[in-house]
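Asks: If you're matching them up, the sequences are chains W and U in order. UniProt numbering puts the first residue of the first sequence at 1, with every later residue one more than the last. UniProt numbering puts the first residue of the second sequence at 1, with every later residue one more than the last. C-beta: ideal position from N, C-alpha, C; glycine also. On a predicted model such as this, the values are computed, not experimentally measured, just so you know. First the structure, then my questions, so here it is.
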Amino acid sequence: MAKGGKKSGERGRPASSGRSGKGSKQARVSGRGTTSTTSDKKAPKKFGQLSRKERDMMEEYGELVPQDFEEDESDRIGSFRKIVKESDLDHQLQVKREREVESDDDDEEDEYKLDRPSAFNKLIGMLKKDSKRQDEWKKRKLEEEGLEDLEDDDDNEEVIELTEAEKKALVKKYGKDYLKALDGADMDEAEEDDSEGEDQGHDSADIDEEEGGVDKDDLEAIAEEQEGSDDSDEEEHYIKSKDTFDRHFSDSMTALLAPKVAIVELAGNKWKSVSYEDPVLKRVEKFDTDNPEGVRKEEKPKKNRLDLESLMVKQRVQSNWLEVNGSLLESSPSSTSKIFTPLQEALIEPINQYKDLLFTNRTMQNAKEIRNLYVLHAINHVYKTRDRILKNSGKLQRHQQNPDSSADIPEFRDQGFTRPKVLVILPFKNTVVDVVESLIALGGLTQYENKKRFFDEFGPDEEVENESRKQDRPADFLETFKGNIDDHFRLGVKFTRKTLKLYADFYSADLILASPLGLKTVIGAEGDRKRDFDFLASIEVVIVDQTDDMLMQNWDHLETVFEYMNLIPKNAHGCDFSRVRNWSLDGRSKYVRQTLVFSNYLTPEINALFKKFSKNVAGKLKITQGYDHGSIVDVVPLVQQSFNRIKTRTLAQADDSRFQYFITQTLPQLRRSALTQTHTMIFIPSYFDFVRLRNYFTENKYSFAAICEYTSNANVSRARSSFFHGEVSFLLYTERFHYFRRYNVRGTFHLTFYGLPDHPQFYPEMLNLLALPAGSEKSRSKHVGATGLEDRAMSCTTMFTKYDLLKLQRIVGTDRANSMCKQEGRDLFVFT
Amino acid sequence: MFACVMAPTRELAVQIAETFESLGSTIGVRCCVIVGGMDMMAQAIALSKKPHVIVCTPGRLQDHLENTKGFSLRTLKYLVLDEADRLLDLDFGPIIDQILKVIPKERNTFLFSATMTTKVAKLQRASLNNPVKVEVATKYSTVSTLLQHYMFFPLKHKDSYLVYLLNELAGNSTIVFSRTCNDTQRITLLLRNLGFPAIPLHGQLSQEKRLGALNKFKAGNRNILIATDVASRGLDIPSVDVVLNYDLPNNSKDYIHRVGRTARAGRSGKSITFVTQYDVEVYQRIEQALCKKLEEFPVDKDAVMLLQERVTEAQRFAITELKEQHAGRSKSGRGGHKRLFNHDDNDRDDDSVQAGGYKSKSAAARGNKGKKMRK
């Protein structure tokens, strides 16, 4: 029972007695307001008698009732409740079909229908906007149009405006009764059409033209919908945009993400790849979500001259690039391009397309080319994101200041949860200086904050520099360990319009430069009271350079960093949730993040990292190389080098079989021979194996000395001297110690590789120790009888398993390594 | 964002959201629950995904309006206040006022309650537009399928009578309403000591425990729920057979809501109210409001007295255990202690009604809010 509200609001309630009881009741009960209530349209004739206030109220409470009345009038069905008969439906369908024939377009777009959207329909329409249907539709359209260039956004808008004006004219011309017949059409169909119409944006304008008559209300609804589709057009524009940044990171990716994620996740490790040889990149293995079957497509003959413009590099950056890269171009005159070296030219494309990249052919020589390239990419990405956010903020502000349009504030989803978007992981402070210098040079900014502090803290450590005695070390060692080799640092870099601020707080920084250790200490461990990793939530580009050096640090830290990346943050940190991209909200940022890994060589660890954490839907590239001869050719002394293959079934057993083989075969052999029982160095790549062997040697009371990366300087010298003088017969020596010190251990006559070193250059380096003079002149004269070079026998034994293939390839060359690992019935390979 | 539904208690909000989901799933309605005691971040993310319906308790919603950037109710079309009289009460009042300030004026507002207030001042809060009132009956009423009884006995035998009754009614699923959280906890321990499968539900439990308790009761794993007035309103648990008012409700409204937990949707049910020598006046007011005299529940007094000894023993155990729990909580550091008193967010639950007069309550609410802002 409806009862008149006793306390009417400020407006005062119009007398309901003026209307039929039914009408008033329905008007109240049917409060399913439509979004078009704001429109100030005329009430249907039947309500002509009603007072203006009543009409207003009618509108406010929705138009369901007026609509019913209208229908009664036009269709003359005769009953208040509409009874749907089969014949009616058939008739309506026929009418619709006829209309379709009239309009010449034979697309399904014809189904766009101008029936009055009810509140329910609108709700459905809204839902459809994010439903799968639309995703599929968009995807289909994308596939159809492929890489075609689209006309500019502005043009599109113009078209729409025009047609809207036309429509209005048409409405004037024709009555609004034209489409009445369709009003009662099947609900489902209406829904479908609604959503279709929404999708197809301005195409429908043509149809309108042909169909002519449009209800005024309908027109409003269309206008609204088209406004909606305008937005989605803009989004679509992003998707198809030439700029890969838009294509990869726009919010509309959300819809396209699901099928691609399925490919990445489900097919997971079964991704088929395309492999090919590239003159510059050498071996390339390409994984693609668009091409999961790994069908080799004919590469289209592109080479239409890469330039910064076509790569959509920001103007500000373009002008500085030549300055930064100029010196490199001069040194490689063979380059065909005026802006990139051949390597850069080959790499910029996948990088700029936001594909993941594992590049394992980094060398001392191309390090700078690569660094310049990723700094260019990083700064370009930061600028693009920043500019878009600022532009959209401006738009929003204009909307807010302008009260007319306040009803429909557009939605911009253009950022992540937190501000940092590029993470550069480097092993030592020394390369950070290079990166920051490139950033400064490329950025084109005028002010720099904390620059002095940065160079004080990251600049070369004078004490270290003064150690001139290190100058006899190999070049790669000098390069890696030049300047400041602190491995515990993290640095936030913030870009604003004019300034570059170093040491910015992480949550206001755009780019973070850090070492794995530096990040790990902030991330903390499970159960720590104070830990923070929310700043990693919205990283969009990760660059890991000198990955091989990180292997010599704590590899776990790097994995931890990746594990905590792109999680949903624990705290908001003042983020504006209405601007966060939908795929970020869904926790799918990791499928959009680009991972760039640069390393001097490939190891199983790097491989695993890349497989586990690189889930970019844009696909990935793995670039490796074959080794013709391996580093073995650098061996100077004429020594017989024997490679023993250890039989092992699984990777898990490999360590045990190796140990067993060593204590049952190699070691007794060494000890049996009178020659090899002294001055024998055992080279051990892993610290764990080192400990195992050390314990074994201690238990058996063998005469030995041990040097590992944790040994103190005093103990190292003691061990070296007693080994040199033959006081101990064995020396256990780890790869990591050699990596950090590169000592020339004199007095080595026999060498046993417990396992192969990861660094290919270590193998010849160790072997060349055998050729060293057995000491300075003075000590030689003392021990002349015992350690004369001439009468000295030398030997080298190496143990390997088939799981050491990658290491072996680098040392003996790809082809030989493959056959050594696969060959049946032969376990001993001898090189001289 | 289409609609916002507000409810006075978290449990009720969750229940409403479940209903939205089950009814709306066919048309893909997305609904999100914004209640206290849950992770703010997860809720912020849910809000930013633009759900069609927000079901909330007022305190947490206000919290989000203040602290979650990019969340607003500007586009809201419908506002529903469930248990509106409770929400428009003084202790929710200021929060509701603030929320209404940021909701567009052009909206449809719906107020629902079994005991709608007639006070103009209260209704003004909701700032309605051309309101219509729909009533099933003019006075507060209970359904005919509900058998209402009372029991009159001295206060000191209260527990014995409770145990006796539960024993008599064994096998029925029962809700026992008490006044304070502490009482609830004590009765639960006492009953468990005597082998009854009782489970507590009150505002001092963590939200997970609260929902867990309710689900266990709903699923029938436990058939005695000891609750404060948190559970008195709106909760729809179909199979409740008996409602026991261990303590009398403060006012007749609460009585209506409490006994409304049983005899739902045409089913039959039973309610028994304990009246002691101190409660006579309040009880008579309730009878007056109901316009009917209740029947006394027949009891075998000797049988009750037989239980006395066992019950006293159990009481002692329960009190020791309760003390231990409290000690444990305060020992666990300042945080734990604070949580004991402060964990209820601004969406103060119904149980707090029992704690004191209206004035002190709203003061407490303000105090709470102050703390939050300082954070």
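Note down, one range per segment and in chain order, each beta strand (DSSP E) of at least 3 residues found wholly within the region 668-722 of chain W.
Replies: Entirely contained in the region 668-722 of chain W, the beta strand (DSSP E) runs reaching 3 residues are, in chain order, 680-684 and 704-707.
Asks: Shortest alpha-carbon distance to Leu558(W) belongs to which of Val597(W), Asp534(W), Val580(W) and Arg720(W)?
Replies: Residue mapping note: residue 558(W) aligns to position 558 of the first sequence, counting from 1. The shortest Cα separation from Leu558(W) among Val597(W), Asp534(W), Val580(W) and Arg720(W) belongs to Val597(W).
Asks: With 16 as the cutoff for other CB atoms within 10 Å, does Ser599(W) come out buried or exposed?
Replies: Working through the first sequence from its first residue, we reach residue 599(W) at position 599. Result: buried.
Asks: Out of Thr499(W), His248(W), Leu500(W) and Lys494(W), point me to the one whose CA is closest to residue 912(W)'s CA.
Replies: Chain W is shown from 1 up to 832; residue 912(W) falls before or after that span and cannot be answered.
Asks: Taking the alpha-carbon of Phe110(U) as reference, which of Gly93(U), Asp91(U) and Pro131(U) has the nearest alpha-carbon?
Replies: Taking the first residue of the second sequence as 1, we reach residue 110(U) at position 110. Out of Gly93(U), Asp91(U) and Pro131(U), Pro131(U) has the C-alpha closest to the C-alpha of Phe110(U).
Asks: Under 8 Å between the Cβ atoms of Arg581(W) and Asp251(W)?
Replies: Here residue 581(W) refers to the residue found at position 581 of the first sequence. Here residue 251(W) refers to the residue found at position 251 of the first sequence. Closer than 8 Å, so yes.
Asks: Just by C-beta distance, which residues in the region 556-580 of chain W are closer than 9 Å to chain U?
Replies: Listed in sequence order: Ile568, Pro569, Lys570, Asn571, Ala572, Gly574, Cys575, Asp576, Phe577, Ser578, Arg579 and Val580.
Asks: For Ser160(U) and chain W, any beta-carbon pair shorter than 8 Å?
Replies: By 1-based counting over the second sequence, the position of residue 160(U) is 160. Chain W, which has no Cβ nearer than 8 Å to the Cβ of Ser160(U), makes this no.
Asks: Closest by CA to Gln677(W), which one among Ile632(W), Phe749(W) and Lys612(W)?
Replies: For this step, residue 677(W) is matched to residue 677 along the first sequence. When only C-alpha atoms are compared, the closest one is Phe749(W).
Asks: At a CB-CB cut-off below 8 Å, which residues of chain W make contact with Thr19(U)?
Replies: Looking up residue 19(U) in the second sequence gives position 19. The contacting residues do not exist; Thr19(U) stays about 17 Å from chain W at best.
Asks: Would the beta-carbon of Ala705(W) fall within 8 Å of that of Phe723(W)?
Replies: Numbered from 1 along the first sequence, position 705 holds the residue referred to as residue 705(W). Numbered from 1 along the first sequence, position 723 holds the residue referred to as residue 723(W). Yes, Cβ-Cβ distance for Ala705(W) and Phe723(W) is below 8 Å.
Asks: List the residues that DSSP assigns as beta-bridge partners of Met151(U).
Replies: Numbered from 1 along the second sequence, position 151 holds the residue referred to as residue 151(U). For Met151(U), which the question treats as bridged, DSSP gives the partners Phe274(U).
Asks: Can a CB atom of chain U be found closer than 8 Å to the CB of Ser79(W)?
Replies: Here the question's residue 79(W) lines up with position 79 in the first sequence. Model confidence at Ser79(W) stands at a pLDDT of 42, short of 50, so the residue's coordinates are unreliable and nothing is read from them.
Asks: Three or more C-beta pairs under 8 Å: does that hold for the region 714-728 of chain W against the region 742-760 of chain W?
Replies: Segments in contact, yes.
Asks: Anything in chain W within Cβ reach of Leu47(U), meaning under 7 Å, just list it in chain order.
Replies: Sequence index remark: in the second sequence, residue 47(U) carries index 47 (1-based). Under the 7 Å cutoff, chain W gives Phe577.
Asks: Nearest CA to the CA of Tyr161(U): which residue from Ile319(U), Val311(U) and Arg267(U)?
Replies: Reading the second sequence from its first residue, position 161 is the one you call residue 161(U). Of the listed residues, the one whose Cα sits closest to Tyr161(U) is Val311(U).
Asks: Can you check whether the CB of Leu731(W) is closer than 8 Å to the CB of Ile682(W)?
Replies: Taking the first sequence and counting its residues from 1, the one referred to as residue 682(W) is at position 682. Taking the first sequence and counting its residues from 1, the one referred to as residue 731(W) is at position 731. Contact: yes.
Asks: Suppose you measure from the CA of Leu513(W) to the CA of Pro427(W); what does that come to, to the nearest Å?
Replies: Your numbering for residue 513(W) matches position 513 in the first sequence. Your numbering for residue 427(W) matches position 427 in the first sequence. The alpha-carbon atoms of Leu513(W) and Pro427(W) are separated by roughly 10 Å.
Asks: On the CB-based measure, 16 or more other CB atoms within 10 Å of its CB, does Ser79(W) come out buried or exposed?
Replies: Taking the first residue of the first sequence as 1, we reach residue 79(W) at position 79. Note that Ser79(W) scores a pLDDT of 42, beneath 50, so its modelled location is shaky; the value from the coordinates is reported in the next line. Per the 10 Å Cβ criterion, exposed.
Asks: For Gly755(W), which three-state DSSP category applies?
Replies: The sequence position of residue 755(W) within the first sequence is 755, counting from 1. Three-state DSSP puts Gly755(W) in coil, outside helix and strand.
Asks: By the three-class DSSP mapping on this structure, what secondary structure does His629(W) have?
Replies: As a first step, residue 629(W) is located in the first sequence; it is residue number 629 there, counting from the start. Of the three classes helix, strand and coil, the one that applies to His629(W) here is coil, per DSSP.
Asks: Closer than 7 Å by C-beta to Leu445(W): which residues in its own chain qualify, once you throw out the five before and the five after it? Chain order, please.
Replies: Here the question's residue 445(W) lines up with position 445 in the first sequence. For Leu445(W), where only same-chain residues beyond five positions count, the Cβ hits under 7 Å are Lys498, Thr499 and Leu500.
Asks: Name, in chain order, the residues that DSSP records as bridge partners for Lys494(W).
Replies: As a working note, residue 494(W) is residue 494 in the first sequence. According to DSSP, Lys494(W) bridges with Lys501(W).
Asks: Between which two residues does the alpha helix (DSSP H) containing Lys216(U) stretch?
Replies: Your numbering for residue 216(U) matches position 216 in the second sequence. Where Lys216(U) is concerned, the enclosing alpha helix (DSSP H) stretches over Gln207 to Ala219.
Asks: Quick test of your reading: Cys31(U) and His52(U), contact by CB under 8 Å. State the CB separation rounded to the nearest angstrom.
Replies: Counting from 1 along the second sequence, the entry for residue 31(U) is found at position 31. Counting from 1 along the second sequence, the entry for residue 52(U) is found at position 52. Confirmed, about 7 Å.
Asks: Tell me which same chain residues have a C-beta within less than 7 Å of the C-beta of Asp534(W), skipping the five on either side of it?
Replies: Working through the first sequence from its first residue, we reach residue 534(W) at position 534. Here the set comprises Thr418, Pro569, Lys570, Asn571 and His573.
Asks: Applying the criterion that 16 or more other CB atoms from any shown protein chain within 10 Å of the CB defines a buried residue, is Pro301(W) buried or exposed?
Replies: One-based indexing of the first sequence puts residue 301(W) at position 301. With a pLDDT of 45 at Pro301(W), under the threshold of 50, the modelled position of that residue is not reliable, and no figure is offered here.
Asks: Please list the terminal residues of the continuous beta strand (DSSP E) segment that includes Lys544(W).
Replies: Within the first sequence, the letter at position 544 stands for residue 544(W). The question names Lys, yet the displayed sequence has Val at residue 544(W). Unbroken beta strand (DSSP E) run through Val544(W): Val541 to Val544.
Asks: Anything in chain W within Cβ reach of Met1(U), meaning under 7 Å, just list it in chain order.
Replies: Residue 1(U) sits at position 1 when you count from the first residue of the second sequence. Ordered by position in chain W, no residue passes the 7 Å Cβ test against Met1(U), which lies about 11 Å from the chain.
Asks: Could you please give me the residues that DSSP links to Leu357(W) through a beta bridge?
Replies: Taking the first sequence and counting its residues from 1, the one referred to as residue 357(W) is at position 357. Note: Leu357(W) sits in a beta bridge opposite Leu596(W) and Leu621(W).
Asks: Out of Glu457(W), Gln665(W) and Pro604(W), which has the shortest C-alpha to C-alpha gap to Leu651(W)?
Replies: For the purposes of this step, residue 651(W) is taken as the residue at position 651 of the first sequence. If we check each option's Cα against that of Leu651(W), Pro604(W) comes out closest.
Asks: Under a Cβ-count criterion, where at least 16 other Cβ atoms within 10 Å of its own Cβ denotes burial, should His149(U) be classed as buried or exposed?
Replies: By 1-based counting over the second sequence, the position of residue 149(U) is 149. That one is exposed.
Asks: Comparing the C-beta of Met305(U) with each C-beta of chain W, is any distance below 8 Å?
Replies: Here residue 305(U) is taken as the residue at index 305 of the second sequence, counted from 1. Cβ-Cβ to chain W under 8 Å: no for Met305(U).
Asks: Quick one: which residues of the region 584-597 of chain W get their C-beta closer than 7 Å to a C-beta of chain U? List them in chain order.
Replies: Flagged, chain order: Leu585.
Asks: Flag this pair as yes or no: are the beta carbons of Val282(U) and Leu248(U) separated by less than 8 Å?
Replies: Position 282 of the second sequence, counting from 1, holds the residue named residue 282(U). Position 248 of the second sequence, counting from 1, holds the residue named residue 248(U). Contact: yes.
Asks: Helix, strand or coil for residue 376(U)? Go by DSSP, reduced to three states.
Replies: For residue 376(U) there is no data in the structure shown, the boundaries of chain U being 1 and 375.
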